[in-house]
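Here's the structure we're looking at; comments come further down.
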Amino acid sequence: MSHDEYQRHDARILTPSFIVLLTLTLIGLALIAVRFIKGIGAVSNMSDGYPWGIWITYDVATGTAIACGGYAMAILIYIRNRMHYHPMIRSAILTSMFGYGLAGFSVMVDVGRPWNAYNFFIPSKWQVNSAMFEVAVCVMAYTTVLLLEFLPAVLTTLEKTEWRTLQLLLDMLYARMGKERPEPIGDRLDKVKELAAWLKPRLDRVLIFIIVLGITLPTMHQSSLGSLLLIASTKLHPLWYTGFLPLLFLINCMFIGYSIAILESVISCYAFKRPFETKELSGMASIIPWLTVIWLTVVIGDLAWRGQLGAALSLDFYSRFFLLEFCLVAGGSLLMFSGKKRESIRWLFVSAVLIVLGGALYRFNVYLIGFNPGKGWHYFPALAELLITVGIVAFEILGYQVVVKILPVLPRLHTRQQLDAAAGHAAAEKE
Amino acid sequence: MEKASRRDFFKIIGATGATLLAGREAVASESHQPDNETIGMLYDATRCVGCKACMSACKRVNSDYGSLSYEQARFDPDGLWDAPQDLSGSTRTLIKLFKESDKQWSYIKYSCMHCQKPSCVSVCPVSAMTRDKVTGTVDYNKDTCIGCRYCQVACAFNIPKFQWNKAIPQIVKCDLCKNTNLLNKGITACAETCPTGAITFGKRKDLLAEANSRLNGNPGKYVNRIYGEKEVGGTNHLYLSGMEFNKLGLPVLKEAAPAEFSEKIQHTIYKGFIAPVALYSTLCFIALRNMKGNGGADEKQAGTSGPGEKHDEP
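Quick note, the sequences are listed as chains A and R, same order. Quick note on numbering: the working numbering labels position 182 of the first sequence as 182, and the sequence is numbered without any gaps. Quick note on numbering: the working numbering labels position 178 of the second sequence as 178, and the sequence is numbered without any gaps.
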C-alpha cells in the first residue's frame, strides 16, 4: 500500500497526559508484581464461584471487541472494496495491536500457571473441544498478524531515519564519560536501513494475504469468545444463555469495531487538533445500524423462541441490565439511521459511544452480571484488581499517543485546500 | 459492484449463522451412554453420622500429592483443628450438615462427581483435565495446567477449586486417590475409613444395584431416586438421601451433559477445519479482485495516487 497516505503527528511526546498515563501504568505494574509474589487472591476478589473476574471480562472479552477496529476497517476496505477508507486503517490497526497485545498480557497475569502456557504449542496437549484453546491460539496468531500489518509503518521510518535521537543520546553519553566521539552511529547502522528497504517491497507483496488472515482470525475467535460460555448452561442466566452466543458475539464485535473506529478518529482528531474526517466517518456510520438491526433481531427472535421475553421485561436485576444493554444499542442505532445526524460529528460521537457501551455491557452481562454460580457467591472487583485493569488501559492509550508521534500512522492531510475544507467543517461543527 | 460486495459481506454472517443452526439441530439426536464398568462411590446420607473421618483420612493420605493443607478456624488461634468451611484449594472432600428443623436434618458429603461426560475435561484447553477411559476417574495434571480456571466456570457442581493465595497455585479436586490410597490399597481413603458404611466404593453397576436394593428395601427412608444416575449424563459419585437433594446443595440438573451441546456447536463450526479455510480462501478471492480493480496489488503504488484514487480525484 502507498505509504504516502500516512504521516507522523509532529508534537511533543512528554505531555501532562503522558505523565498521568505513565503513573497509572506504573501503579498497575506494581500491583501485578504483588499478584505474582503473593498470589491472585492478594489483589483480586475472584473466588471459586467467580473464577473469572474483571480481567477476563474487560481486558479479554470486552477489550478485544473494542480492539476490533482494525478488523472492521479491513472488512470495509478490502472485502467491501471501499479503498477511500484506506488512510484510516493504520491507526485502527495500531489500536487493535495494543488491544490484543495487552489482552494477551492480562491473560498471562490472570492465569495461575503461566509458565505452562507452552503447552499450546505441543500438539499432544491440544484440546480441540475447548473454545478456550481456539480463542488462545487465534488471539496469539492474530496479534502476530497485527504486528505484521503494522510493520510497514516501522519499515518506512527505518528506511528514512537518520538516527538523530540516538546520535544525540550517544553524544551526550560520550561527553559524560569524557571519551572521544566515534564516527556517526548512522553509518554503522546502514545495514538496518538496507534490510528495511529490502524487506518492505517483499512484505507489501504478501501483505494482502496477511490482511485477509487478519479478517479470518477475528471471525473465528470473536465467535468463540461467545462459545466459551456455552458450557455454563446452569450458571448463565437464560436471558443470555443461547446457542446463538457465538453468532451474537461475532456481530457484536463488528458493530463495536466500526463504532470504536469512529470514536478513535474523533478523539484523536480532537486531541491532536486535526480536522475531523466527517465524510469518511458518516459513511462508516451508515453500516452500523444494519449490523445492530441484525443483532437485535437475533436477540429478540431467540428470546421469543425460548419463551424468555417475559423474563426480559420482568424488571428484576437481570432484566434491568438486559434492557439497559438493549436500549443503549438500539438508541445509538436509531441515531445513526438518520442521515442528517450522521453528518454531525457530535451526533456521530454520541451514537458511537452509546453503541460501544451497549455492546460492551452485553459482554459484561454474559461474562459477569448474568453469571450466577449458585447461592452464597458474590463478586465485585477489588480496588487493586481494578487498578491493574486501569493500568493496562492507560498503557494502551499511552502507547497509541507515543507511537503516532514517532511513526507515520495518522491519515495524511493531503493538500492545503483539503485541510481548509476540513477546518471549515470543524468550525461549522462547533457552532 | 456495490450490491455484490454487500452481499459477500452478509454471506459471512449468514454462513456462520447457518452452521450454528445446524449444530443446534443435531444436538438432540446423539446422546451419551454411561459406562457402568467404571469405578465410583455411593454416599448414603442416611448412614452418615458426620464424624468427618473421611475428611481427615483424605487430607492425611493426599496432602503431599494433592497439595492439601489444614485450614485454621478463626476461633482457634492455636491451630488445633482442621476447620474447612467449604471445598477449597486445600480441601478435596467435605461433610456438611443441613438442618431444616430439630427433626429434619441430614449430613452431606461433597467431592468431585466424576462425571461420565465431564465439562471440565471438555473445556480444558491443554488437556490438563482428563477422564480415564477404563476407570472413569477424572484426573488433574498440574504440570500441564495453565491455571485458566475454565474448569471452574464449566463445572455445574462447582467442584474444582483454585489456590487463590499461593504464588504457585493449582486446581484441587478429588482424583479417587488414584495415586495414593487406591494405588496402595485398592480403595479410596474416605470409603476405607468410614465407620458406618455411608461411603461404598466399587464399580458403577454394583453401586447402582446396591443403591436400588436399599431404595426397594426401605421405601419410606429415602427420596426415591439415585442422584447422579442420570444427572448431566451420569456421574460416578452417586447419592442416596432422606431429604431432597437440592436442599443438600446438590443442584437440580438436566440429564443431558452440557459438554455435549457446546462441543456439538464447536465441532460443527470447525469440522475438519473446512469452514475457516473456506472463509479464508473466499475472502482472499474477494480481496484480490478488489485490489485488481483498484490498480493492482503487485505493483508498487508510488506517488500520491494510491488505492484511494476513486475518491481523491477531483
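Here a beta-carbon is modelled for each residue, glycine too, at the ideal position from N, C-alpha and C.
Asked	Found
Beta-carbon proximity of Q163 of chain R to G89 of chain R, cut-off 8 angstroms	yes
Cβ neighbour criterion (16 or more within 10 Å) applied to L24 of chain A	buried
Boundaries (first-last residue) of the alpha helix (DSSP H) holding W201 of chain R	With the sequence shown as reference, residue 201 of chain R is identified as Phe, and Trp is not the correct amino acid for it. Counting along the chain, F201 of chain R falls outside any alpha helix (DSSP H), though it belongs to the beta strand (DSSP E) covering I199 to K203.
contact_flag[the region 5 to 15 of chain A, the region 86 to 106 of chain A] where n(CB pairs < 8 angstroms) is 3 or more	yes
Run of the alpha helix (DSSP H) containing F321 of chain A, from where it starts to where it stops	F317 to F337
The ligand MN heavy atom lying under 7 angstroms from the CB of I56 of chain A	This structure lacks the ligand MN, and indeed carries no ligand of any kind.
In DSSP terms, what K99 of chain R is bridged to	R:W105
DSSP state of A26 of chain R mapped onto helix, strand, coil	In this prediction, A26 of chain R scores a pLDDT of 43, lower than 50, which makes its location untrustworthy; no coordinate-derived value is stated.
Assigned secondary structure, D171 of chain A (DSSP; H/G/I helix, E/B strand, else coil)	helix
V212 of chain A and Y78 of chain A closer than 8 angstroms at C-beta	yes
Environment of H114 of chain R [buried if 16+ CB atoms lie within 10 Å]	buried
G332 of chain A to M254 of chain A span [Cα, whole Å]	15 angstroms
Whole-angstrom distance between A33 of chain A and S213 of chain R, CA atom to CA atom	58 angstroms
DSSP bridge partner residues for F162 of chain R (one or two, in chain order)	R:I171
Distance CB(A189 of chain R)-CB(C174 of chain R) smaller than 8 angstroms	no
Chain-order list of residues whose beta-carbon lies under 7 angstroms from that of K430 of chain A (same chain, five-residue window excluded)	Here K430 of chain A scores only 48 on pLDDT, less than 50, and its place in the model should not be relied on; the value that follows carries that caveat. So the list is empty, once near-sequence residues are dropped.
Cβ-based neighbour list, A435 of chain A, same chain, cut-off 8 angstroms, excluding 5 preceding and 5 following	Because chain A here runs from 1 to 431, residue 435 of chain A falls outside it and cannot be looked at.
For V134 of chain R, the three-state DSSP class (helix, strand or coil)	coil
Amino acids of chain D, ordered along the chain, whose beta-carbon sits closer than 7 angstroms to that of N372 of chain A	Checking the listed chains, one finds no chain D in this structure; the protein chains it contains are A and R.
is_contact[N119 of chain A, chain R] using C-beta, thresh 8 angstroms	yes
Beta-bridge partners of M129 of chain R, as assigned by DSSP	R:Y140
Y270 of chain R: first and last residue of the uninterrupted alpha helix (DSSP H) it sits in	P258 to Y270
Cα-Cα separation between P34 of chain R and C138 of chain A, rounded to whole angstroms	34 angstroms
Continuous alpha helix (DSSP H) stretch holding D302 of chain A: start and end	I288 to W305
Supposed close pair R390 of chain A, G28 of chain A - CB separation, criterion 8 angstroms	The residue you asked about is not Arg; residue 390 of chain A is Val in the sequence shown. Going by Cβ atoms, the distance from V390 of chain A to G28 of chain A rounds to 6 angstroms, so yes, they are a contact pair.
C-alpha distance - I215 of chain A paired with G53 of chain A, whole-angstrom precision	29 angstroms
For F371 of chain A: DSSP bridge partner residues	A:L236
Cα-Cα separation, L170 of chain A to E162 of chain A	14 angstroms
Bounding residues of the alpha helix (DSSP H) (the contiguous stretch that carries M41 of chain R)	That residue, M41 of chain R, is in no alpha helix (DSSP H); its beta strand (DSSP E) goes I39 to D44.
Chain A within 8 angstroms of F98 of chain R, Cβ atoms only	no
Near-chain A residues of the region 30 to 43 of chain R (beta-carbon distance less than 8 angstroms), N- to C-terminal order	none
Buried or exposed (CB count within 10 angstroms, at least 16 for buried), R12 of chain A	exposed
G147 of chain R vs G339 of chain A beta-carbon contact at 8 angstroms	no
Min CB distance R416 of chain A to chain R below 8 angstroms	Confidence at R416 of chain A is low in this model, with a pLDDT of 47, below 50, so its placement is unreliable and no value can be given for it.
Closer than 8 angstroms to chain A by CB, Y71 of chain R	The question names Tyr, but residue 71 of chain R in the sequence shown is Glu. It does not: the Cβ of E71 of chain R has no partner Cβ on chain A nearer than 8 angstroms.
Environment of E100 of chain R [buried if 16+ CB atoms lie within 10 Å]	exposed
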